[in-house]
Structure formats: C-alpha cells, structure tokens
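Shown next, in structure tokens, is the structure this report addresses.
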Amino acid sequence: MTDVVVVESPAKAKTINKYLGDGYTVLASFGHVRDLPPKDGSVRPDEGFAMSWQSDERGSKQVAAIIKALRGAKHLYLATDPDREGEAISWHVRSMLEEKKALKGVEVQRVTFNEITKSAIKYAMAHPRELDFPLIEAYLARRALDYLVGFTLSPVLWRKLPGSRSAGRVQSVALRLICEREAEIEVFQPREYWTVTASLTTPSGAPFTARLTHLDGKKLDQFDLANAELAEAARKAVEAENLSVKSVERRKVRRNPQPPFTTSTLQQEASRKLGMGAQVTMRTAQQLYEGIDLGGETVGLITYMRTDGVQMAGEAIGAIRSHIGKHIGENYVPAQPRHYTSKAKNAQEAHEAIRPTDVFRTPSSVASHLTQDQRRLYELIWKRAVASQMESAALDQVAVDIAGPSGKTVLRANGSIITFDGFLRLYTEGRDDSDKPADDESRMLPPMQERDPLKREDVKADQHFTQPPPRFSEASLVKKMEEIGIGRPSTYASILTVLRDRNYVTLENRRFVPEARGRLVTAFLVSFFERYVDTKFTASLEELLDDISGGRAEWKQVLASFWHDFSKAVDDTKELTITDVLNALDQDLGPFFFPPRPDGSDPRHCTACGTGRLGLKLGRYGAFIGCSNYPECQYTRRLSADSAEDGDGSSALKDGMRVLGQHPETGEDITVRQGPWGLYVQLGEPDPEDKKAKPKRASLPKGLDGEKITLDQAVGLLSLPRLVGIHPETGEPIQAGLGRFGPFVKMGAVYGSLDKDDDVLTIGLNRAVDALAKKLASIRTLGNHPKDQEPVMVRKGRFGPYVQHGQIVATLPRGTDMDAVTLDEAVALLAEKGKPLKAKGGAAKKKTAAKSTTKAAPKKTATKKTAKTAEGEAAPAKEKKAAPKKPRATTTRKKKAE
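Per this note's numbering: the sequence shown = residues -8 to 889.
Here it is, written out as structure tokens:
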C-alpha cells in the first residue's frame, strides 16, 4: 500500500506526486477543511474559550478521500504550507481523521519545505517532525480573537449605526489609517513659497542650473520668500551679481542593494513597478511557488511567498554569487556574501526571503512558459534576489557653491556621477508617486574649479505651494501596516480586499479614498471603542500572538485578558441611544460633511425651510443629512461633502437638490434627489393643498451618474414607458420602461428583460424585438377570449405549462403538450380551474384567510383541551388567543422606545 501525503492545493499535489513516485498518494485539502460556523456560540469564553468547528461539503469530501486513501497505509505525511495557517490546516485534518477513527495503525508526521523542488521535497520527507502546537495555539488565539471581535462588535454597529457592515479586528485599524490620512488632507492649508533659480554656463560653455540658498548673508529657509514681491527682490539681487564658483565639494558615497523580497515588500514593489494589486500579486506568486510546467517538467520557480524573513539559504547565496561572476562580471561580486536582518516590527523570520529556487532559470529562459503576470513577477523576484548579492554602487557627489563678489548672495548646484553602477546595473527600486525624484543622483554637473567665472543666462522666480500628505496606495498602506506591526504578511491582501468589498473605501488613481460609510464606521469605533482600533494596542496584541507561537505565552490567558476588557466595553454601549451616537459622529465628522462656504454663511443652515439646522440623521438604510425641522421640513441629502450646496451660485444646486432645468412642455423644474432606495428625478413639487397628489418621479437606472445626468435624459426617464416601435410580425406596439428589476420591453401582456447595459432611453426596435423573442419562445397566443376579446395564452411556468387570460391562470393537466392546446380547451380549463394570478395579495387573500379561519375554529376547539373559567364554563376561543399577544406588543413598544 502507498503512504499518503496531504498538501493544500491540487497544483502542488500534482507536482509533488511526480517527485515522490508511485509509493505515495498525494492529495489536496483545498485549504482549510473546517472552520468556525458563522453564528453565535462558535467560540464560548465562559467555557474556557471552547470552539465548535464545522466542515463544509468540500472539506468533508476531501477528508473522505483521505480516509479512503489511508486504508492499508502506514504513514500519513501532513505537508501543508510552512506557516501558522499551514500548521493549522494539518491539525484540522488530523483532528477530523481522529474523530472518524481513521488513524488506527497509521503514523502521522509533519513535513515542511520552503520550495517545491525535487531535492527540497526529498529532504523534507527524510526529516519529518511532530505538529508544532505553540504555532497551532497561536492560530487558535488569532482565530478566536477575530471571531469574538467580529461577532460581538458587528451587531453593535448594526444596531447603533444602521447601514454599516461588519467590523474586523485588523481591518478596522487599517480603515482608521485611511480615514485619518483623509482628515489630514482636508484640514491641510497650503502655504505659499517661492524659489529663485539661475541658468548658468561655465567658461567652456557647458550649461547648468543653480538655486538661491543665501540672501544678504542669511541662509534662506523654505518660507523666507513667501510672496511674489520678496521673490522678485531676490531675483533682482541675483541678477545684480557677477557670479563665479566659490567652492567645489566632492565626496564619494556608496549605495547598498536592498534585501530580497518579503511578502510585504513584494506587494509594495509589484504595486509600484508593475501596477499589480496585492491580491493579484499573491495569486501570481502562489502559481510560481506551486509549480510551472517547463516543457514536461513541473517545477516551483520561487520559494514560499508568505514570509517576513530576509535571509537566504547558504547554497542559494553561493549559486547567486556564482551566476553574478559568470554572467555579469567578477567585479560585481562582493568580497563577502551579504546577510540581511529584517527591520520590520514583529518580524518572525521563520522562513527564507522570496527568491528563485534556481538562479540559473533566468527570466528569459522560462518566459515562454509563463503568462504575462507570471513573467513580470518572476523577473522582479529574480532580479531583486540577484541584486541583493551584488557589489554596492559607487557615486561621486558634487556640490558647487556660486557667489558674487560680496559673498552675501549664494547659489548652490548639486549633482552626482555614478562611477561604478554595481547592483544598479540589474535593479533599481521603484518609487511611490509621492516620492521626490532623485534629481541629485541623475543630474551631472560640468567640470568646474574655484574662482571660475560664470555667465548668467536667465534668472527665474517660481511659485510653489506645500502639498498635503498623499493618500495611501496599496504599497504605502502595506508598508505602514508593516512598520507599526499590525497584521501579518499573509493577511495584507485580504485586509485591503475586505475594505473595498464592504464599500468602506474606493481606489481612485490607485489611491485609497474613504467612503462616507467608512468614515462613519471609523468615527463610531474611535468614539466608543478607541482602544480596539488603536494602532499601538493592535500591534501589542500581534506581539502577544507571536509570543504564543514562540511558546512564551499561554493562549487562553491572552484571550481571557482581552475578552474581560472588550466585553465590558461592548456592555457599556448597550445604554447608548441613537442621539448619543449621532452627537459623537456629528462632532467628529461635522467639518467633513459641512465644509465652510465661500460666502461665509452657516454651512448647516437649511435653505429648504429657512430656519432649520442640518445635521446627521440615521434611518433604516443608513445615515443621511436631514433638517432639524423634520417632519415639517423633509429636506434630505446623501452623505457626501461634495453634495452640499456650493453657496456661490455656480452650481445648479437648489435646496440640496440638483436642478437640471425646466420641462420643455410644462415649464416645471426637473430635479435630481436622493431617496431611501437611491437617486431619482422629479417633475415639479408637491401640491400643498392636495397632499394625496404626488409629483411624477422616475428612478435612475444603474450606471447613470446623478451628478452627470442631463435634462434630456431626465425628461426621457419621466416620459417612460416610451414607444419603441411596431413589431414587424404581430403589428403590436412595443414599449420600453424601467421596472423593479431593471429595464424591460413590453408588447401587450408579454414582457422581455433587457440587459443592465441597455439604455432604456435609446434602445432601438431590433434590440427590443430580440429581447421579446426570447420571452415569446415560451409563450403561445391561442386567440381572443370569446367574452372580452382579450388574448388567451399558454406559457411555460416553473411548475409546468399553464394557460392565462388576463389575471386568471389555470395549470395544464400533467402530460399535456402546450403546443397541442386549442383555444376552446383553454377557455374551458380557465372556466373550470382558473385562479387569480396574484392569489397571495389583496382581497383574494383576505377572503381566503377568513374562510380558512372559520372552518378551522371548530376543529381546533374539538381537538384541544378547552380552558375553563371559575364557573366551569369554557372560555371563548378569542380570549385564549388574545392572551399571548400582550407581551409581544409590549416588547415591540419597548424596542421602539429604545
């Protein structure tokens, strides 16, 4: 019998099976085989943090396959990934097998490898070990923490902040970083400053530029030239001088290469240089790690990609140095190998850095076997790893001071010359958009000597303004999280994905911008759970989790300490009222939602009623801006700073609603407004004397931006349904309209759904006929009913074919072919068995319910024991039914009062 090896993915299983041969059966677990059920009680603090685990269909199927393969086997090798999650997966597999009593006579061992190569796999199989329980306990603690925070804090959010989504332990801290950066940008006040630069030439005629650094013998600070007048005076002072070289300073500097990639630095660099998101980067790296088919041989091209270690194995360093000497040059090989240590907070360095498994598999030699993303990422990893062992780059930096005869006006020119490119020949680290360009490293200065006279060509004064801190990109946010020590390398990609999926943030120009919903959630958490979204607290918790994995802390004690304070903080919020929440949010986010108006008027003044004050309100569908005079004033607007009135009249905003213009026929205003279910356009205003009469409205279809909708589009929406044309075969009119489920076309009683991309205002006859054809394929018109001449149709239904006349339907007898039914048969069937199409609502429902109640009452009285009064008479049935209703009503009133 063969021994059994369990790995995580089928791709890895296929590769490893080739290396191990016929003596082994390699199966994939497809990740975790079980997890905590997403419901209350899965982690029970009162029972010593006992956990309930549940396997889904896929996990149960994989475990069943492992049990089948184990029959007759002597060994089970758990070969999942070499990190905390991998250790946990192995533990789950073994635990499920033990519960099913499938390990009798089977020796269970754990094997790990950092790369999927034949030698690494053979070595790992020859050196198995036991499961690492401190690592498993660290996983259990982390999983319990995430569960307890999510399932305890999220319901508080839902109750106290309607419209919000769930809250995660680390995601909430990352969201806070994004929101706080946005707040910094909003309060930032640009400050003006000027610089003066001179275009000069040397005696040999070589041009260069220099910047004014000293004026009247004083060194200039950034804001000393604060306006155009001061800058112009400085410019004229430079023009008045006969400039010459005052001094030339030269110094040699060395630049060392960066270490090979960790998970976070790979995500950062892939974002900067390749434009890859963190999730795409990790998915592509996983493919390179698990194995690529190189002409019949499947080989893992890189080492394990979830790591915070920067060291490399000695043999890998030796192979890289050998490659550098042979293919780049011996002078690019440093005298001693380079060894790196991580500067990241909480780095565990349990694994090697990310590197190629074989440096001699160059990017060009394997490019034909890779996808574009795989090729680009492998080239990045390969170059970074090789460059990390190359010689330093040498540069000559030159600083030239230029002055007039008095020496009171001084300019400086900086430049550098690369005298030996070293690692720069192969690799240069990418930069964020916000990074300043390395002018000094790329600019070369012409040869100059002291006292050389210089010719002045031009002197310019340039205006500048200080810039706010840049929004976080994926790269810079990952870098920040790593620096402060929150999250782990394997979680960064999922954290960023969750923030976008919950609509807490959006990506604009590859930068994170918090949505109003995200800012509300952050403000709420900071106001009432500040400790648990504090970066220092979260980082200290990460250190405790690392202590657990290192055997330095007991996992249940860590959980107990956290839960004691956290549960108390949650209990404290039970007495919070909506007013308390609104006041806290209004105070924190007021400057964002109500920015100052250009005319200096109160940004909270309600122009709809003239007396009310605008503020944050909470409704069933989330937060919005509303007037304090509600319900007399029903002005509302969506949560957005840019939805406020401009105040200068330049915008077409009126009372918080965008006025598109006047209807070409009626002359009434057409406005865009925000409702509970989204944006809509409205014609005119309600009639104050006729409260029942409502102005005509039309919802905006998905994809139509309320800020960009035109008057013509709004008129078209208000005129729906519109006539598209006449059906070429039936001669019936076809209309297009918007319904609850999107755009549609209609011909008589037949409706055809349109795609979301179809524009209901411009759709043509051909597209409408095509949409109806799909529906007509399941409908056959038999003719007109003899009573009212309305059509009688036979249709395909969910439970079989049926005939329809208006709102009356009748199911065809089983086995009846819908194509064989005649008009007479259909009319007879409708008369005999016809039922209202909408039997669930209206009068039909009430009538049916009343009839059923009447019949059921005697039966219930006869079969159930009757309650007796003090005189021995049977109590009326209605009194017996009414009794339990009181507590329910009281509960409802109590909830509403809260």
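Backbone N, C-alpha and C fix where the C-beta goes; we use that ideal spot for every residue, glycine too.
| message | Quick check on the DSSP output: the alpha helix (DSSP H) that includes E220 runs from which residue to which? | response | A219 to E230
| request: Counting only runs of 3+ residues fully inside the segment 233 to 306, write out the beta strand (DSSP E) ranges in chain order. | output: 235 to 246
| Any contact of the segment 31 to 42 with the segment 98 to 110, i.e. 3+ C-beta pairs under 8 Å? | no
| task | Please classify V178: is it buried, with 16 or more other beta-carbons within 10 angstroms of its beta-carbon, or exposed? | result | exposed
| field | Residue from V663, A219, G669 and N233 whose Cα sits closest to the Cα of T701 | value | V663
| request: Report yes if the C-beta distance between R133 and M42 is below 9 Å; otherwise report no. | output: no
| Going by the CB atoms, is the gap between T298 and T353 shorter than 9 Å? | no
| task | Measure the Cβ-Cβ separation of K826 and A801 and say whether it is below 9 Å. | result | yes
| On the three-pair Cβ rule with 8 Å, is the segment 438 to 450 touching the segment 410 to 423? | no
| task | Report the three-state DSSP secondary structure of R766 (helix, strand or coil). | result | Checking the sequence, you will find Lys at residue 766 rather than Arg. Residue state, collapsed to three classes: helix.
| Which one of V561, A819 and A689 has the shortest CA to CA distance from F142? | V561
| message | So, with DSSP's three-state summary, where would you put G638? | response | Summary for G638: the model assigns pLDDT 33, below 50, so the residue's position carries little reliability; its value from the coordinates is reported in the next sentence. Coil at G638, not helix or strand.
| Which listed residue (T188, S155, D761 and A326) has its alpha carbon closest to that of V450 | T188
| Since L203 and V229 are thought to touch, with beta carbons under 8 Å apart, how far apart are those beta carbons, to the nearest angstrom? | 6 Å
| Taking the beta strand (DSSP E) that A165 falls in, what are its first and last residues? | Unbroken run through A165 is the alpha helix (DSSP H), Q162 to V178; no beta strand (DSSP E).
| query | Is L265 closer than 9 Å to Y280 when the C-beta atoms are compared? | reply | no
| said: For A973 and G287, I'd like the C-alpha separation in whole angstroms. | reply: Look at the range of the chain in this structure, -8 to 889, and you will see that residue 973 is not part of it.
| Hey, would you say V99 sits closer than 9 Å to A115, going by beta carbons? | no
| query | Residues in its own chain within less than 6 Å of K608 by CB, not counting five upstream and five downstream? | reply | F615 and G617
| query | Residues in its own chain within less than 7 Å of G652 by CB, not counting five upstream and five downstream? | reply | I661 and L702
| said: Please tell me whether G300 and E343 are closer than 9 Å, where the distance is taken between their beta carbons. | reply: yes
| task | Pull up the DSSP beta-bridge partners for D(-6), would you. | result | Y15
| query | Can we say the segment 154 to 167 touches the segment 363 to 380, given the rule of at least three CB pairs closer than 8 Å? | reply | no
| task | Classify R442 as helix, strand or coil using the three-state DSSP reduction. | result | coil
| Beta-carbon proximity check, S464 vs R502, cutoff 9 Å | yes
| A834 to G697 span [Cα, whole Å] | Only weak support is given to the placement of A834: the predicted model assigns it a pLDDT of 40, under 50, and the value that follows is read from those uncertain coordinates. Answer to the nearest angstrom: the Cα atoms are 39 Å apart.
| request: Determine the DSSP secondary structure at R310, reduced to helix, strand or coil. | output: In the sequence as displayed, the identity of residue 310 is Ala instead of Arg. Here A310 sits in helix by DSSP.
| field | Minimum length 4: unbroken alpha helix (DSSP H) runs contained in the segment 86 to 167 | value | 109 to 117 and 124 to 151
| field | Range of the contiguous alpha helix (DSSP H) that encloses L691 | value | Taken as a continuous stretch (DSSP letters only), L691 belongs to no alpha helix (DSSP H), as it is neither H nor E.
| request: Run the CB neighbour count on P73, radius 10 Å, all protein chains shown included, and call it buried at 16 or more, exposed below. | output: buried
| Residue of L436, Q380, G413 and A384 minimising C-alpha distance to A404 | L436
| query | When the Cα of L67 is compared with those of K113, S51, K30 and L18, which residue comes out closest? | reply | L18
| Through-space distance from H555 to D637, alpha-carbon basis | Low confidence applies to D637: its pLDDT is 35, below 50, so where it sits in the model is not reliable, and the reading given next is rough at best. About 49 Å.
| request: Using three-state DSSP, classify I616 as helix, strand or coil. | output: strand
| task | Tell me the start and end of each unbroken alpha helix (DSSP H) in the segment 336 to 384 that is at least 4 residues and wholly inside, in chain order. | result | 354 to 357 and 363 to 378
| request: Provide the residue span of the beta strand (DSSP E) that contains K737, from first to last. | output: G733 to M738
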